[in-house]
Amino acid sequence: MSHPHAVAVAFPDIDSLLNPLTQNIDSHTTLISLCGAGGKTSTLFWLAEYFYKQGKRVLITTTTRMFLPAPSHYRELIIETDPVRQLTRYQALPDGPALVALFSHLDERTGKVAGPTPQQIDLIKGQQRFDLILVEADGANHKLLKVPALHEPCIPQCSDWVIVLTGGAMVGAKADPQQIHRWAELQALCGIEAGDPLDWALFHQLLSHPEGLFKGTPARARRIWFINGDYQNEASWLAELIKLHSRHPEIHAIWQGAVREPQPIRLALGYLAQDEAQPPRP
């Protein structure tokens, strides 16, 4: 296989797209953190199920709070506050493929679970009991665009990949504070007002600024920007996405698609293998 270079792949083969995510930096276990807004939880479940069916041992968790997943999204549930007892529980699991949901606390009133701290997840990675750890590392209050506050996101420092999501409906729309989490932070960052266009220039700002979409991403981690919820504009946005990616070589890939659709990723742009490239389809 040839050395990677930047290409655009329309309707990419999912195996070729996702299997490189098992690459990690310093251990057997790959740690993937998901941030942003517009489908983090759905993406986490999609990735978890994919890798589980590939025969991997997969752990899903959060560094913030999320609703307790339905039983269909895991094969083993561990809710345990004490890190030592957590370790005992998942060390006792049989060998072979696994899909484990790990949380430290369940709030019965809200139905939400809290997960380990980022530091604890770094330690879990070092124990090498799983092939992949998938972490929801940000909250967005069901909005489609998010700029982090001072205390956000909560990304483990041993993350190998950081995937930041943006709701596709936001691209080209007029800024609506009701659809944007941390509206005040977005205004402060970009000088935007309600009704202003959320255009490509604005997303360039959000990708460039250290307090923007990839805030808190470890220097070691590869970056993916996933424009989720869009499955109609892969041709019309292509030229702008190519231009944007050329201005941001630090981003390993840009994905465009809708994770709930049968073809979740309709366009992948980035440092893919040259022999996987194919001309974009209209």
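The numbering of the sequence shown is numbering that gives the first Met the number 0, which starts it at 0 and goes up by one.
For glycine and all other residues, C-beta sits at the position ideal for the given N, C-alpha and C.
The three-state secondary structure of Pro-117, taken from DSSP, is helix.
Per DSSP, the unbroken alpha helix (DSSP H) holding Thr-42 starts and ends at 39-52. Annotated three-state conformation of Lys-111 is strand, per DSSP. For Pro-261, the closest alpha carbon among the candidates Ala-193, Asp-12, Val-6, Gly-190 is that of Asp-12.
Residue environment for Val-6: buried (at least 16 other C-beta atoms within 10 angstroms of its C-beta). Between Val-258 and Leu-46, the alpha-carbon positions lie close to 10 Å from each other. Taking every protein chain shown into account, the CB of Gly-35 has 16 or more other CB atoms within 10 angstroms, so this residue is buried.
With a beta-carbon spacing of about 4 Å, Gly-114 and Thr-61 fall inside the 8 Å limit used to define contacts. The beta carbon of Asp-121 lies closer than 7 Å to those of Pro-155, Gln-156, Cys-157 in the same chain, with the five residues before and after it left out.
Under DSSP, Trp-224 shares a beta bridge with Val-163, Ile-253.
Leaving aside the five residues that flank Phe-129 on each side, the residues in its chain whose CB is nearer than 7 Å to its CB run, in chain order, Thr-28, Arg-56, Val-57, Leu-58.
Residue ranges of uninterrupted beta strand (DSSP E) with 3 or more members, entirely inside the segment 167-232 and ordered along the chain, are 221-227. Cβ-Cβ distances below 8 Å link Tyr-51 to Val-57, Arg-74, Pro-96, Ala-97, Leu-98 in the same chain, with the five nearest sequence neighbours on each side left out; the list follows chain order. Residue burial is scored here from C-beta neighbours: Ser-32 has at least 16 other C-beta atoms within 10 angstroms and is therefore classed as buried. The Cβ atoms of Ile-191 and Lys-142 do not sit closer than 8 Å to each other.
Relative to the Cα of Val-146, the nearest Cα in the group Phe-225, Leu-188, Leu-67 belongs to Leu-188.
For Ile-223, the closest alpha carbon among the candidates His-244, Ala-234, Glu-210, Gln-204 is that of His-244.
In the DSSP assignment, Val-6 forms a beta bridge with Gly-269.
Annotation: the continuous alpha helix (DSSP H) that includes Asp-14 extends over 13-17.
Where Glu-135 is concerned, the enclosing beta strand (DSSP E) starts and stops at 131-135. In the structure shown, Ala-97 falls within a strand segment according to DSSP collapsed to helix, strand and coil. Cβ contact annotation for Ala-148 (same chain, cutoff 7 Å, sequence separation greater than five): Arg-181, Glu-184, in chain order.
In terms of Cβ geometry, Phe-202 and Ile-162 do not form a close pair [threshold 8 Å]. By the Cβ-count criterion, Asp-106 is exposed, with fewer than 16 other Cβ atoms from all chains shown falling within 10 Å of its own Cβ.
Our two residues, Val-134 and Phe-66, have alpha carbons roughly 14 Å apart in a direct line.
Going by beta carbons, Asn-227 and Gly-166 fall inside the 8 Å limit.
For Glu-79, the secondary structure class from DSSP, reduced to helix, strand or coil, is coil. The beta carbon of Asp-198 lies closer than 7 Å to those of Gly-171 in the same chain, with the five residues before and after it left out.
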